[in-house]
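Trainee: In full-length UniProt numbering, the protein residues as written are 1 to 217.
1. CB residue 102 to CB residue 28, shorter than 8 Å?
2. If you count every other CB in all the chains shown that lies within 10 Å of the CB of residue 142, and 16 or more means buried, which is it?
3. Using three-state DSSP, classify residue 111 as helix, strand or coil.
4. With a threshold of 6 Å on Cβ separation, who are the neighbours of residue 156 within its own chain once the five nearest residues in sequence on each side are excluded?
5. For the alpha helix (DSSP H) containing residue 167, list its first residue and its last residue.
6. Taking one C-beta from the segment 123-141 and one from the segment 73-85 each time, how about it: are there three or more such pairs within less than 8 Å?
7. Between which residues of its own chain and residue 47 is the CB-CB distance below 8 Å, once the five residues before and five after are set aside?
8. Would you list the residues sitting across from residue 144 in a DSSP beta bridge?
9. How about residue 62 and residue 120: do their beta carbons lie closer than 8 Å?
10. Got a sec, what are the start and stop residues for the alpha helix (DSSP H) residue 79 sits in?
11. Just to confirm the assignment, what range does the alpha helix (DSSP H) spanning residue 85 have?
12. Please look up how many angstroms separate the CB atoms of residue 24 and residue 74, rounded, as I've assumed it's under 8 Å.
13. Given a cut-off of 8 Å, decide if residue 176 and residue 94 are closer than it, judged by their beta-carbon atoms.
14. I'd like the span of the alpha helix (DSSP H) that includes residue 160, first residue to last.
15. Roughly how many angstroms separate the alpha carbons of residue 92 and residue 19, rounded to a whole number?
16. Could you tell me the distance, in whole angstroms, from the CA atom of residue 21 to the CA atom of residue 43?
17. With a Cβ-Cβ cutoff of 8 Å, do residue 104 and residue 166 count as a contact?
18. State buried or exposed for residue 85, treating a residue as buried only when at least 16 other CB atoms are found within 10 Å of its CB.
19. Do residue 187 and residue 158 have their CB atoms nearer than 8 Å?
20. In chain order, what residues of the same chain lie with their CB nearer than 6 Å to the CB of residue 49, ignoring the 5 residues before and after it?
21. Using only alpha-carbon positions, find the residue among 195, 140, 129, 98 that is nearest to residue 160.
22. Can you name, in chain order, every residue of its own chain whose Cβ lies under 6 Å from the Cβ of residue 174, other than the five neighbours on each side?
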C-alpha cells in the first residue's frame, strides 16, 4: 500500500506539472482568453483532473504566473530602492518591458481593469502602489513629466505586448528600444499636455496619490 500511495502522489505531481507547463505556454502565447478545456487538452489530462488541481481559472493563473510575479515584484522593489528615483523608474520600465515581451498573459493579467480576486491581484495592487510612490519621487526631482499617471505605464505594457509577434531573436532588443522611446516621452518637461488618461488600472489597485486620471492642464 505505501508503494501504491507513492505512485499515486508521483502521478498527481506529474499531472500538476504538465498542467502548469501547458498553461504557461498557452497564456504566454495567446493571453488569458485560453479556456480551461484548452489547457487540459494541451496537458493531456481530463477536465476533472484539471479542476481537481485548480478549481478556478484564477487559481491556475496565479500558479502559472507565480515565478513571473516574484520576478516582477523584485524589479519594482529594486527600482524603488534606487536613491535616484528617475534612474529607478527607468530601470523598472525597461526591465518589466523585457520580462513581459515573451508573456502576453502576464500583461493581460496586470493590465486587467476588473481582475478576479486572488494572489495575483494583491501583487498587482502592491506593485501599482510602489510604482506610484516612485513616480511621485521622480516628479519631485523634476525628471518625470508632471502629468504622468500609472495608467500611462499600463499603456506602454499593452503596446509592448505586440512585440511578442516579432522573431524571438530580436524581441528583447525591440523591447529595450521601445522602453527607451517610452521613457523619452515620459521625461520632463512635457512640452505638450497629454489628453485625459483612460482608466486602465482598476479602482481596487488605486491609491490616493498619483494613480487617478486627474485633470489635464
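Even glycine gets a Cβ: it sits at the ideal position worked out from N, Cα and C.
Mentor: Looking at the coordinates:
1. As a working note, residue 102 is residue 102 in the chain shown. As a working note, residue 28 is residue 28 in the chain shown. Contact flag set, yes.
2. The residue given as residue 142 occupies position 142 in the chain shown. Residue 142 sits exposed, since fewer than 16 C-beta atoms from the chains shown fall within 10 Å of its C-beta.
3. Numbered from its first residue, the chain shown carries residue 111 at position 111. In the structure shown, residue 111 sits in a helix (DSSP, three-state: H, G or I).
4. Sequence index remark: in the chain shown, residue 156 carries index 156 (1-based). So the qualifying residues of the chain are 182.
5. If you number the chain shown from 1, residue 167 lands on position 167. It is not in any alpha helix (DSSP H) - residue 167 carries neither H nor E in the DSSP assignment.
6. yes
7. Numbered from its first residue, the chain shown carries residue 47 at position 47. 36, 37, 40, listed in sequence order.
8. Locating residue 144 in the chain shown gives position 144, where the first residue counts as 1. Looking at the DSSP output, residue 144 bridges to 187.
9. In the chain shown, counting from the first residue as 1, residue 62 sits at position 62. In the chain shown, counting from the first residue as 1, residue 120 sits at position 120. Result yes, Cβ atoms of residue 62 and residue 120 sit closer than 8 Å.
10. Working through the chain shown from its first residue, we reach residue 79 at position 79. Residue 79 -> alpha helix (DSSP H) spans 66-81.
11. As a first step, residue 85 is located in the chain shown; it is residue number 85 there, counting from the start. Residues 85-100.
12. Counting from 1 along the chain shown, the entry for residue 24 is found at position 24. Counting from 1 along the chain shown, the entry for residue 74 is found at position 74. That pair is no contact at about 19 Å.
13. One-based indexing of the chain shown puts residue 94 at position 94. One-based indexing of the chain shown puts residue 176 at position 176. Yes. Within cutoff.
14. Against the chain shown, residue 160 aligns to sequence position 160. Element bounds for residue 160: 150-160.
15. On the chain shown, position 92 is the one that residue 92 refers to. On the chain shown, position 19 is the one that residue 19 refers to. Distance between residue 92 and residue 19, taken at the CA atoms: about 31 Å.
16. The count along the chain shown starts at 1 and reaches residue 21 at position 21. The count along the chain shown starts at 1 and reaches residue 43 at position 43. Distance between the alpha carbons of residue 21 and residue 43: 8 Å.
17. Position 104 of the chain shown, counted from the start, is the residue given in the question as residue 104. Position 166 of the chain shown, counted from the start, is the residue given in the question as residue 166. No, the pair does not count as a contact, with Cβ atoms beyond the cut-off.
18. Sequence index remark: in the chain shown, residue 85 carries index 85 (1-based). Burial call: buried.
19. What you label residue 187 is simply residue 187 of the chain shown in a count that begins at 1. What you label residue 158 is simply residue 158 of the chain shown in a count that begins at 1. No.
20. For the purposes of this step, residue 49 is taken as residue 49 along the chain shown, with counting starting at 1. Cβ within range, chain order: 15.
21. On the chain shown, residue 160 is found 160 positions in, with the first residue counted as 1. The shortest Cα separation from residue 160 among 195, 140, 129, 98 belongs to 98.
22. Locating residue 174 in the chain shown gives position 174, counting from the first residue. Excluding positions up to five away in sequence, the list reads 163, 166.
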